[in-house]
Each structure stands twice: as C-alpha cells, then as structure tokens.
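Read through the structure below, which is laid out as structure tokens, and then see the notes.
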Amino acid sequence: MSHGSHQQRLNESLSALMDGEANELEIQRLLKESDASGASDGELGHRWSRYQLAASVMRGEKVAPVDMGLAASISAAIADEPSLEPGQQASANDAGNDQARSRWWRPLSRGAVAATVAFAAILGVQQMQAPQVQGDLVAEVEAPQPQPVTTNSQPGRFLTPTLNTRAVSTAPQLVPEKRVGPAPQVQVVPTPELMRHLNRVMVEHSEQAARIGSQGMVPHARATYGERPSE
Amino acid sequence: MTMANMIFRTTRKANSSLLAFLLCAAPLGFAQSGPSAGGPSNPQSAPQEPPNQAPQLAPQSVPQDTREASASEATGVLLARLAQAAANLEYRGLVTFEHVGSMETLEVVHGIRNGEQVERIRYLTGSPREKVSRTGGDECRLSGSVFPSSGLLSAAGLQNVQSNYAFLIRGEERVADRETIVLEARPRDMHRFGMVISVDKETGLPLKSMLIAPAGRVLERFQFVELDLKPVTDDELKPHSPLAQPDTGSDAASCANVESRWRLGWAPSGFKPVAVQALKDGQMLVFSDGLSAFTVFVQQLPEMNYTGQAVRGATVAYMDHIDVNGARYTVTVVGEIPDNTAQLVAKAITEAN
Numbered sequence: 686m687s688h689g690s691h692q693q694r695l696n697e698s699l700s701a702l703m704d705g706e707a708n709e710l711e712i713q714r715l716l717k718e719s720d721a722s723g724a725s726d727g728e729l730g731h732r733w734s735r736y737q738l739a740a741s742v743m744r745g746e747k748v749a750p751v752d753m754g755l756a757a758s759i760s761a762a763i764a765d766e767p768s769l770e771p772g773q774q775a776s777a778n779d780a781g782n783d784q785a786r787s788r789w790w791r792p793l794s795r796g797a798v799a800a801t802v803a804f805a806a807i808l809g810v811q812q813m814q815a816p817q818v819q820g821d822l823v824a825e826v827e828a829p830q831p832q833p834v835t836t837n838s839q840p841g842r843f844l845t846p847t848l849n850t851r852a853v854s855t856a857p858q859l860v861p862e863k864r865v866g867p868a869p870q871v872q873v874v875p876t877p878e879l880m881r882h883l884n885r886v887m888v889e890h891s892e893q894a895a896r897i898g899s900q901g902m903v904p905h906a907r908a909t910y911g912e913r914p915s916e
Numbered sequence: 151m152t153m154a155n156m157i158f159r160t161t162r163k164a165n166s167s168l169l170a171f172l173l174c175a176a177p178l179g180f181a182q183s184g185p186s187a188g189g190p191s192n193p194q195s196a197p198q199e200p201p202n203q204a205p206q207l208a209p210q211s212v213p214q215d216t217r218e219a220s221a222s223e224a225t226g227v228l229l230a231r232l233a234q235a236a237a238n239l240e241y242r243g244l245v246t247f248e249h250v251g252s253m254e255t256l257e258v259v260h261g262i263r264n265g266e267q268v269e270r271i272r273y274l275t276g277s278p279r280e281k282v283s284r285t286g287g288d289e290c291r292l293s294g295s296v297f298p299s300s301g302l303l304s305a306a307g308l309q310n311v312q313s314n315y316a317f318l319i320r321g322e323e324r325v326a327d328r329e330t331i332v333l334e335a336r337p338r339d340m341h342r343f344g345m346v347i348s349v350d351k352e353t354g355l356p357l358k359s360m361l362i363a364p365a366g367r368v369l370e371r372f373q374f375v376e377l378d379l380k381p382v383t384d385d386e387l388k389p390h391s392p393l394a395q396p397d398t399g400s401d402a403a404s405c406a407n408v409e410s411r412w413r414l415g416w417a418p419s420g421f422k423p424v425a426v427q428a429l430k431d432g433q434m435l436v437f438s439d440g441l442s443a444f445t446v447f448v449q450q451l452p453e454m455n456y457t458g459q460a461v462r463g464a465t466v467a468y469m470d471h472i473d474v475n476g477a478r479y480t481v482t483v484v485g486e487i488p489d490n491t492a493q494l495v496a497k498a499i500t501e502a503n
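Protein chains in written order, with the working numbering: chain R, 686 to 916; chain D, 151 to 503.
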C-alpha cells in the first residue's frame, strides 16, 4: 500500500524533473531512490530513460536505442575496482578502517552522480542549440514557443544561450511551419529572389526602428548585420 | 500526472527544461562548495531563486510590487535620460553583439552633425560589413504621431510605453568599466518581447541591452566592451572600408504625403502607426509600441509565393499574400516580435476602405 503511493510520488517527481520543475525535495528523493536501487538497473532508471526517449521522439529527433546494460557494466566495473591506498593499512584493524572509508566515500560518490547528471545536461543543451546545417539552410531545432508567461510571473533569471564558435550564415533562415509530432518537415529551398527580399525587408525594418530611436544603436547593428544585397 | 500530459509539457519546453534541470541539479551536487546566500541551505526558496542566477542581476529580496511602485518614478527619469543620451551624446566604442548561439564584435561611432545623429557601424568579425547612417530627420513621420521624436521623450509616449511594459529596476552592474543601473521592461502581454537595459549612471547611455523572450530566454545581447566619450571627429564618421554601404533610403521614394493604402484589421495593443513610406513596388507601414517595432510591407512582387516565416537573429519575418481586385500583393511583417504575433498581423492586413 505504502509502497504504491511511494512509487507514484517518485514517478511524479521524475516527470517534474523532466520538465525542469522538480523542487529540491523531489530531486533529493529521486537521488536517494536511485542510490538505493542502483541508478541503472532500477525501475527508476528505466523509467527515466523511457521518458527521455519518448520526449526525443516527440521532438522529432533521431534516437538510438539506449543500452542500459552498458551503464550497468560500467557500474559493475567501478565496483570491482580496488579502492585507493590498497595494502597500506589493510593488515591493521581492517573492520574499523573499512567502515570509516566507506563512510567517507559515500557522500563523495553521491556528489559524483550529481556531477555526471549535470554534465550530461550541459551536453544535452549544447546539442539542442547547435543548429543543423543543411547547405545554406538552417533548420531551427528550437522547441515550439513556450506558452506566454503572464506579466509578473516571469522568472528572475535569464537563460543565455550557449555560444557556438562556428561561423553562422548571416542570411535570413527560413523556418519550416511548426508541426506537432515528428511529421516530416517540408524543406523549402529558398530562391535568390526570396533571400534578397527577406534581406531587404529586414534591413529596411531595422532602419525604421532606428528612426524610432527607443532601442539605441541596436537597430543599426541589426541593419548592418546582413550581408550586402548582391546586386 | 499522466504520461501523455508529461510528454506534452516536455515537448513544449524541451529547450528550457534541461537547462532548468541543470540549474536545479547543480547546487545540489556541489552543496558543500556552493555560495551560501539564498542557496541550498534553504530548500523552500531554492526553486524560485537558485543561487546561480545570472551574475549581472543581484538577487533582490524586496517584494515584487513594492519594487515596481518605487521604481515607476525612477524608471520614468531613467527612460527620459536614455532617450536624451542617444540624441545628444558623441561617443565611440567596441561592442559585442550576440544572438542565438553566435557572437560578433563591432566598432561603433556616434556623432551629432547638424542636429542629426550620424552612426557608423563596422563589423570586426565575419564578412566585412560597414554602414554609415543618419537619423533624426523627421521627414517621414506621420503628422500627429504618438511618438513625435523619440517615443520615450514625450509624456504621452512614456505613458504608452508604460501601459505596455512594466518597468523594474533590477539592480546595478558594471559594463565597459562603468557603473550602470539595470532596467527591465517586462511585457504586459504576449505580443512583444521584454528588454533588459543597463543604463550608464553618468550619461544615461544604454551600455548593454538584451531582448528577452518568454521564460527568460535571451534572444539578443548588445553590450559595450569599451566606451570613449570624447567628441567624434568628421574623419571617424567616414566609412573606413570601400565596401561600406551608403546610407540607404534608396528604396524609399519621397515620403511626403504618403497615404496608407492598407490598414491592419488587428494590431497588438499599444502598437500605433508611426510612419508610412512608399517603396518602388509598394508601401511600408511602421508600427511601434514605444519600445518594440514592426514593419508591414505590402508589395507587388511577381513570383514571390512563399508563405511562412524566416528569422535572422532576433528579427522574424512572416510572409503571406493577399489578393485585391485580382492583383496579388506580398505581405511581409518584419520585427523583433514573437512569430505568432507577426503571423497574426500579416493575416490582418486589408485595403483601407
């Protein structure tokens, strides 16, 4: 009985974590559970990977099957690894020493798990923000616009996109119509006329915005940003 | 929560969810070494105010509404200074300009000649681009416009701006070795983006400005690295590269007495027409809410049948067409506005009676 409701709470926490809405308590709960059951082969780990897979499919990303066995074998390999400073104090009072060591290691390994998760998250973000180049066209990998947030509930922090060092085309980029689900997106090959038109209207607009004068120099920077219209 | 529900919410925010997750997870993993102020030691407040908030915004403990109330006077003054500074100061500097994942550096020179602002902008990265432009001539402005010279200068303009955005003072920060006050303009509806502007305490010049999409996503950041306030020489305002584009307006024919042939059946609240210009192949209508702006182009462009949107940096363009008396017109709405709004505006254009 109590097991069922515990499991349900865990699932809720997990899906909150997927949405980035988990509070600290929920994250603690999840980490504790994954610690207890072994992160990779526990029910929780499987569920997490299923959620991620499902979300990837919904976003229309290419997915590769996740081999849970790999994580398990890595865990096993780590477990088999002899601990540091072997032999030195092994002979003297083994029992007490072992206990002390494991007490010392436990918080550290927990931190390591969290660090791994954070690292994975960073990688994930960078991948999502790097646009895929297809010739001159860049398909926006961006998720559909989040729902508008009402006036005063905007978050107090700003999410600055990670920079990417690759040279980016300054030509306007066509954005395929947004569709729900992984429906194939129709790529429109832009004609030179279309590109010229888009470039021209963007420059004209920026010059007009500069005249209004409420945004300082930024519109000038935007107006100059595009490549020179090829005559 | 059901699985379906979860998936739906996930896809909607896929981009931000991982980052948000990172923000939540990081302080946990490094609890021992993390900063203690407002940090993980207080689990109740942690989700709202993670300790690794954007560094330029000092965490504020003052409640929201008091901040807004006390800020409204101060922001009024600040906004007025902002507009004054751009119109009266001469300066040169180096600037970084970022948008979604890319950054460029540029050199800017701003001078005042015969009451006009002359601006030279040269990109120092990427393909060489340079442009000298003059602004301040009011020749194409609609008579009786809501924004006579600069939206923020007149009382009416200021009031309009404040009915569309809530202004908050977010603290102070140092930009280009100068002290600034950080001002946030928070949109009151979903049809415009927010802005965060760091205003130089001494001169009122905007030294940094960010365009903010919902959920705090930064679309664009313009930031001085170095600023020099010495008067600008004529030489500095001359283009430095032979490639420099001439001050355009080449497309725009004389804009005297242009009557708009078109009107918007719907426009997001607060956006008022500020200019109409004739183009060689159509007309261009400019709308502004005092801070953001969008431009509607209605042109006869044969063989231009694309319907959809294009982006460059923070600027979105939505293209569509309308048929009037058997003639096809291409409608393009361009601006730093949400794409949905651009689409709505494009669908709302009709011929004026």
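Glycine included, every Cβ here is placed at the ideal spot set by N, Cα and C.
Candidates the options: closest to residue i by CA position
{"i": "glycine 243 of chain D", "options": "D:Val448, D:Val446 and D:Ile271", "result": "D:Ile271"}
{"i": "phenylalanine 317 of chain D", "options": "D:Ala326, D:Ile331 and D:Thr255", "result": "D:Ile331"}
{"i": "valine 484 of chain D", "options": "D:Pro423, D:Thr465, D:Glu453 and D:Asn475", "result": "D:Thr465"}
{"i": "aspartate 473 of chain D", "options": "D:Pro452, D:Arg324, D:Tyr273 and D:Met253", "result": "D:Pro452"}
{"i": "lysine 351 of chain D", "options": "D:Thr457, D:Gly420, D:Asn238 and D:Val325", "result": "D:Val325"}
{"i": "arginine 328 of chain D", "options": "D:Asn490, D:Ser348 and D:Ala365", "result": "D:Ser348"}
{"i": "asparagine 264 of chain D", "options": "D:Leu274, D:Thr285 and D:Glu248", "result": "D:Thr285"}
{"i": "leucine 357 of chain D", "options": "D:Glu323, D:Gly420, D:Asp385 and D:Phe421", "result": "D:Glu323"}
{"i": "threonine 491 of chain D", "options": "D:Leu229, D:Gly458, D:Asn475 and D:Phe372", "result": "D:Gly458"}
{"i": "arginine 462 of chain D", "options": "R:Arg881, R:Pro875, R:Leu859 and R:Ala894", "result": "R:Leu859"}
{"i": "valine 426 of chain D", "options": "R:Ser741, R:Arg896 and R:Met703", "result": "R:Arg896"}
{"i": "glutamate 376 of chain D", "options": "D:Ala365, D:Leu355 and D:Ala477", "result": "D:Leu355"}
Cross-chain neighbours of residue i in chain R, by beta carbon under 7 Å
{"i": "leucine 256 of chain D", "result": "Ala906"}
{"i": "phenylalanine 247 of chain D", "result": "Ala906"}
{"i": "phenylalanine 447 of chain D", "result": "Val886"}
{"i": "threonine 383 of chain D", "result": "The premise fails here: threonine 383 of chain D is roughly 19 Å from chain R at the closest Cβ pair, so nothing lies under 7 Å."}
Identity of the residues DSSP links to residue i by a beta bridge
{"i": "aspartate 473 of chain D", "result": "D:Arg478"}
{"i": "histidine 356 of chain D", "result": "Reading off the sequence shown, one finds proline at residue 356 of chain D, where the question assumed histidine. Paired residue(s): D:Val349."}
{"i": "isoleucine 319 of chain D", "result": "D:Leu333"}
{"i": "alanine 363 of chain D", "result": "D:Arg367"}
{"i": "glycine 432 of chain D", "result": "D:Leu429 and D:Gln449"}
{"i": "threonine 491 of chain D", "result": "Answer is none; threonine 491 of chain D lacks a bridge partner."}
{"i": "methionine 253 of chain D", "result": "D:Glu248"}
{"i": "glutamate 269 of chain D", "result": "D:His260 and D:Ser283"}
{"i": "aspartate 339 of chain D", "result": "Note: aspartate 339 of chain D sits in no beta bridge, so no partner."}
{"i": "isoleucine 499 of chain D", "result": "D:Leu414"}
{"i": "glutamine 858 of chain R", "result": "D:Val461"}
{"i": "glycine 243 of chain D", "result": "D:Val258 and D:Leu377"}
Own chain, CB closer than 6 Å to residue i, minus 5 neighbours either side, in chain order
{"i": "glutamate 269 of chain D", "result": "His260 and Ser283"}
{"i": "serine 891 of chain R", "result": "Pro904, Arg907 and Ala908"}
{"i": "valine 448 of chain D", "result": "Trp412, Gly432, Gln433, Tyr479 and Val481"}
{"i": "valine 245 of chain D", "result": "Leu256, Val258 and Phe374"}
{"i": "valine 865 of chain R", "result": "Model confidence at valine 865 of chain R stands at a pLDDT of 49, short of 50, so the residue's coordinates are unreliable and nothing is read from them."}
{"i": "methionine 454 of chain D", "result": "Thr480"}
Own chain residues within Cβ distance below 7 Å of residue i, not counting five before or after
{"i": "serine 413 of chain D", "result": "Checking the displayed sequence, the identity of residue 413 of chain D turns out to be arginine instead of serine. Excluding sequence neighbours, arginine 413 of chain D sits near Thr500 and Ala502."}
{"i": "serine 915 of chain R", "result": "Its pLDDT being 42, under 50, serine 915 of chain R is placed unreliably by the model, and nothing is read from it."}
{"i": "methionine 887 of chain R", "result": "Pro857 and Gly911"}
{"i": "aspartate 378 of chain D", "result": "Tyr241, Arg242 and Gly243"}
{"i": "alanine 338 of chain D", "result": "At residue 338 of chain D the sequence reads arginine, which differs from the alanine that was named. Taken in chain order, the residues that qualify are Asn314, Tyr315 and Ala316."}
Neighbouring residues, chain D, relative to residue i (Cβ below 7 Å)
{"i": "alanine 677 of chain R", "result": "Residue numbering for chain R in the displayed model covers 686 to 916; residue 677 of chain R lies beyond these limits and cannot be assessed."}
{"i": "leucine 879 of chain R", "result": "Met454 and Tyr456"}
{"i": "valine 903 of chain R", "result": "Ser359 and Phe372"}
{"i": "glycine 911 of chain R", "result": "Arg462"}
{"i": "glutamate 718 of chain R", "result": "What glutamate 718 of chain R touches in chain D: nothing, since even the nearest Cβ is about 14 Å away."}
Chain D contact residues for residue i, given Cβ-Cβ distances below 8 Å
{"i": "histidine 691 of chain R", "result": "None at all; the shortest Cβ gap to chain D is about 16 Å."}
Cβ neighbours of residue i in the same chain (closer than 8 Å, five flanking residues each side left out)
{"i": "alanine 417 of chain D", "result": "Phe437, Val495 and Ala498"}
{"i": "glutamate 120 of chain D", "result": "Chain D is shown from 151 up to 503; residue 120 of chain D falls before or after that span and cannot be answered."}
{"i": "isoleucine 807 of chain R", "result": "Reliability of the predicted coordinates at isoleucine 807 of chain R is poor, the pLDDT of 42 falling under 50, and no value is obtained from them."}
Residue i: contacting residues in chain R (beta-carbon distance under 9 Å)
{"i": "leucine 451 of chain D", "result": "Glu878 and His882"}
{"i": "glutamate 269 of chain D", "result": "Ala895, Met902 and His905"}
Partner residues on chain R for residue i, Cβ-Cβ distance less than 8 Å
{"i": "valine 461 of chain D", "result": "Glu825, Pro857, Gln858 and Val860"}
{"i": "glycine 265 of chain D", "result": "Per Cβ cutoff of 8 Å: no residues; glycine 265 of chain D is ~13 Å from chain R at best."}
{"i": "serine 391 of chain D", "result": "Neighbours of serine 391 of chain D on chain R: none; closest Cβ ~11 Å, over 8 Å."}
{"i": "tyrosine 273 of chain D", "result": "Thr909 and Tyr910"}
Proximal chain B residues relative to residue i, where beta-carbon distance stays under 7 Å
{"i": "proline 418 of chain D", "result": "Absent from the structure: chain B. Protein chains present are R and D."}
Partners in chain D for residue i, counting only beta-carbon separations shorter than 9 Å
{"i": "valine 874 of chain R", "result": "Under the 9 Å cutoff, chain D gives no residues; its nearest Cβ is about 11 Å from valine 874 of chain R."}
{"i": "histidine 731 of chain R", "result": "Result: empty, since nearest Cβ-Cβ is about 14 Å, beyond 9 Å."}
Check: residue i C-beta below 7 Å from any heavy atom of the ligand NAD
{"i": "histidine 890 of chain R", "result": "Summarising the ligand content, the structure contains no ligands, and the ligand NAD is consequently not present."}
Alpha helix (DSSP H) runs contained entirely in the stretch 886-910 of chain R, provided each spans 4 or more residues: 903-910
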